[in-house]
Amino acid sequence: MASPDATDLASKEAALHQKYIELLEKRVAQLETVVKQGDEKPKAADVGGEKSEANKEKEAKEKEEKAEAENGGRYRNILRRWDKNAGSHVDQVVSANFFLKPQTKDVAYTFRRVYDPDTGDKGAYSALDIEDPALIRVLKQEIGKYPGVNFDSDITSMRGPFAALVHNWDKLNKRAAVEPESQVSKDLVSLLERVKTAPELQDYFKSRDSNLAAKVVTFDTLWANFAPGTLVVARLFQNVEQIFKVEDSPIPWSTYHSYRHHKMWAWSWDFDGKKILKVEYALKFERFRGTKPITELPFYPLEYHADPERLKEESRARALKFIKATIRCARGAEQMFRYKGLAYADQRNLLSNKDDKLALEDEALDIRPQEDEELPQPKLVDINGEVLVDPDAFIQYGTSYPPLGELYQPEAVYIDELQTNTEDYVEFAEKVKKMDLHKPLDTADDNFVIFPPRVLGYATREKVWGQFGLHLMSDRPDRQPDKFDDNLQLDAKYKSLIKALVQSHEQAAEHHGKQVEDVVRDKGKGLVLLLHGPPGVGKTLTAETIAQATAKPLVVVSVAEIGLDASRAERNLERLFKLATKWEAILLVDEADVFLETRGSTSSASRNALVSVLLRVLEYYRGIIILTTNRIKSIDVAVISRIHLAIRYDDLSVDQMRSIFKYFLDQLEPGCIANRESIDDFIESFGHHYNLNGRQIRNVVSAALAAARHEAKAGGKDGRMTFKHLKSVCEMTRDFQEQLKENTRQQRYNNEAMRP
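All residue numbers for the sequence shown refer to the numbering used here, where the first residue is 19 and numbers rise by one.
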């Protein structure tokens, strides 16, 4: 037995159906009159001689009715409902012209209004089946390729809000005005009129012209301004204006749902270290009320920009810089650039914690992110130093795909590998590989305006994988041999030998020069330096000045980053050595004691294994590696045989201490120091009495300056440092050293090799 609700619903449907039949019969009668009258029907006009809005609508409706009548069953309107008894959708013809005698057997298009069984009228949507070959050809000519629409099949289907037609509305109306008496033009006019009255588009067309004139949009209709292929402006990276190209419009496919945001997919070119990529990004429009100026949207079409040509010119200049730094950049030290400013840091260590997931190999990568991959949010970090532009290594050791600013989640970044096989892609990729970098970019090719404003790589000083803005990047510094010659406080004979070894290694690597070959091929190609001695006497500075003198990157790594587990340490060392070789870097393993200690029965198996690991990977390393230690007495004899040069660093001499004081004081602004002459006199006469090392001297100068500034804030002098500030800090440092003097002496005796 049917429920009362079901009975009531059936009754309402029957009444509605009867009313529909009555209206349909009335319309048939109207259409028959239209057919008889033909073109003789008078046109209504208002008092002023111009058509009123009501008359315009009436005339358009009459024109549509006449076209329907003349074309018989050529244009069909169908209502599709769910039949519970049949368990399927049932079509019901509602067009009046269907009952007229057709003048043609062909159907140009069928318009359907489809009702969902659960949501009814609220969830209903419109659909089109375009069947006439001539009409399909015209649409293909005017629209071209459009996502989700196939103009090469016998029937072209679309779903409301018919974005392919709306995005080309003016163009299609212009085409319909060509040869208006031709059948295809009549079909196109009818199609556009039918689409215009679709429920999904009634609100849009009601305000379309006024909104376009005022350059405003509503949330529900903003999609109409973002046709696929449209160039749009966004500020996704450090507020830098960037141009994207729309891939998919932010189309609301359902009028039943109230969307909190619309998502648009737009793409730009990028580079993964091996090939050029089309990377798509999800750009979200958050819901807003009423209308909004289109330029106040977070992303808007380039045509609305205040100066689109200037922005395109800036984008081309940036694209050239991107291409030079990535696609057309030679590997090695050429990948190093100077950087000063903020950058997005994505990973805090040189070696990722992905362990066995990825290895630094030349094999192809699947750079799509893993579904279960945990992605830390990138943070802005201040960078001041060298960066190595290497998107290939970034993807392997940073995140698994190229992020852009804070767009880093898998659902916000997508790479379609299938796009790399298209003709357009191949043609542009070849163009980039072969173009002359000394000539301006092709202004007619908009591909050059859709490159990102950032590169991916590694900051050597801050030890972060990150995104670096091209506008904050400059060319790498030239060789600075004076840094090695003047700033490094080391015996001249050692300096000379170090320079000779480094130059010889460089020449052999660059020109495959003749070297002393090991019995086993590819062994012993690297240069290994061991620096040992007390802290603060120049071991780290030696590595830094060698890098500056050779214009090579300095990569510093600690034992903690490598790891103390033997298997993990071996993997990390192999990866580290591959990176350093690839970048032609000076590799500094600071305080490498744990890898150098003598193996023996009293040592733990894990400690013995770590030394063995270093020995294995060191044999096949081709670059320059510098190991530092304060515990030379415990070094394993097998390690000694792998070292090309070992340098002992003693406590600083009087002259060296004076030079280091001068070096750090010279870095201060003149206005920070009161009476530099008195400070120099103090250092000359008493500086060496405090027995400070280089690191302590740096700390003393910094602390003295801080004390002077604090004194000024407390109502004291002008905040400039005097010799009294310097003397006070020196004395406090000496007092602290005196307290630990015996302990320090014993440790140095146990760890350092004393001179005879």
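Where is the CB? At the ideal position from N, CA and C, for every residue including glycine.
Inter-residue spacing [alpha-carbon to alpha-carbon] between T609 and Q485
Looking at the sequence shown, residue 609 is not Thr but Glu. If you take the alpha carbons of E609 and Q485, they lie about 30 Å apart.
If Y476 sits next to V405, beta carbons under 8 Å apart, how far is it from one beta carbon to the other, in whole angstroms?
That pair is a contact at about 7 Å.
Please list the terminal residues of the continuous alpha helix (DSSP H) segment that includes T568.
Residues K557 to T568.
For A145, list the residues DSSP reports as bridge partners.
Looking at the DSSP output, A145 shares a beta bridge with R130 and R177.
At least 3 beta-carbon pairs within less than 8 Å: the segment 487-503 vs the segment 423-430
No, the segment 487-503 is not in contact with the segment 423-430.
Would you decide whether K330 is buried or exposed? Buried here means 16 or more other CB atoms lie within 10 Å of its CB.
In this structure K330 is buried. Its beta-carbon is surrounded by 16 or more other beta-carbon atoms within 10 angstroms.
Please classify A182: does DSSP put it in a helix, a strand, or coil?
Three-state DSSP puts A182 in a helix.
R716 to K680, Cα distance in whole Å?
Pairing R716 with K680, the inter-Cα distance amounts to about 10 Å.
What is the residue span of the beta strand (DSSP E) that D668 lies within?
Premise fails: D668 is in no beta strand (DSSP E) and is neither H nor E.
Taking the beta carbon of N243 as the centre, do at least 16 other beta carbons fall within 10 Å, making it buried, or is it exposed?
By the neighbour-count rule (16 or more Cβ atoms within 10 Å), N243 is buried.
What does the Cβ neighbour count give for R593, buried or exposed, with the cut at 16 atoms within 10 Å?
Buried is the call here.
How many whole angstroms separate the CB atoms of A194 and V207, which I take to be in contact at a CB cut-off of 8 Å?
A Cβ-Cβ separation of about 5 Å places A194 in contact with V207 under the 8 Å criterion.
Taking 6 Å as the limit between beta carbons, can you name the residues of its chain near S175, skipping five residues before and five after?
Short of 6 Å from the beta carbon of S175, and not among the five residues preceding or following it, lie these beta carbons of its own chain, in chain order: D147.
Check each candidate in D364, W287, Q507 and V234 and name the one with the smallest Cα separation from I433.
The shortest Cα separation from I433 among D364, W287, Q507 and V234 belongs to W287.
Given 8 Å, three or more beta-carbon pairs between the segment 573-587 and the segment 456-465:
No: fewer than three Cβ pairs fall under 8 Å.
Is the segment 262-270 touching the segment 246-254 in the sense that three or more CB pairs, one from each, lie closer than 8 Å?
Judged by Cβ distances under 8 Å, the segment 246-254 makes contact with the segment 262-270, as three or more pairs qualify.
Does DSSP put E760 in a helix, a strand or coil?
Helix at E760.
Chain-order list of residues whose beta-carbon lies under 6 Å from that of V577 (same chain, five-residue window excluded):
Same-chain partners within the cutoff: V612.
By the 10 Å Cβ neighbour count, where 16 or more other Cβ atoms means buried, how is F704 classified, buried or exposed?
That one is exposed.
Run through DSSP, which three-state label would F613 get?
F613 carries a helical assignment under DSSP once its states are collapsed to helix, strand and coil.
Separation of G403 from A527, as counted between CA atoms:
Going from the Cα of A527 to the Cα of G403 covers about 26 Å.
Provide the residue(s) that pair with F289 in DSSP beta bridges, ordered along the chain.
DSSP, once it has assigned bridges, lists I294 as partnering F289.
How many Å lie between Q765 and M491 at the Cα?
Spanning the two alpha carbons is a distance of roughly 45 Å.
Given L591, which residues of its chain have a CB within under 8 Å of its CB, disregarding the five upstream and five downstream residues?
Excluding sequence neighbours, L591 sits near I580, V631, L632 and V635.
How many Å lie between R7 and L301 at the Cα?
Outside the modelled stretch of the chain, which goes from 19 to 774, sits residue 7, for which no answer is possible.
Do you know how far the Cα of L209 is from the Cα of K163?
Cα-Cα distance, rounded: 19 Å.
What residues in its chain sit with their C-beta under 6 Å from that of R177, if we drop five residues either side in the sequence?
Excluding positions up to five away in sequence, the list reads A145.
Nearest candidate by alpha-carbon position, reference F317, set E615, R253, T309 and I516:
Just measuring C-alpha positions, the residue of E615, R253, T309 and I516 sitting nearest F317 is R253.
Please report the straight-line C-alpha distance between Q757 and E749, rounded to a whole angstrom.
Roughly 13 Å between the two C-alpha positions.
Below 6 Å CB to CB, which residues in the same chain sit around K397 once its five sequence neighbours on both sides are set aside?
Within the same chain, Cβ atoms closer than 6 Å to the Cβ of K397 are found at A363, the five residues on either side in sequence being excluded.
Using alpha carbons as the reference points, say which of I341, D736 and N626 lies closest to S652.
Selected option, being the one with the closest Cα: N626.
Cutting at 7 Å between CB atoms, please list the residues of its own chain near T344, excluding the five before and the five after it.
The beta carbon of T344 sits closer than 7 Å to those of F289, V407, P409 and V473, all from its chain and outside the five residues before and after it, given in chain order.
The alpha helix (DSSP H) that contains N229, what's its start and end?
Counting along the chain, the unbroken alpha helix (DSSP H) around N229 starts and ends at Q220 to A232.
Do G350 and E562 come within 8 Å of each other at the CB atom, strictly closer than that value?
Cβ distance not < 8 Å, so E562 and G350 don't count as in contact.
When burial is assigned at 16 or more other CB atoms within 10 Å of the CB, is T313 buried or exposed?
The residue is exposed, with fewer than 16 neighbouring Cβ atoms inside 10 Å.
Local conformation of Q507 per DSSP, three classes:
Three-state DSSP puts Q507 in coil, outside helix and strand.
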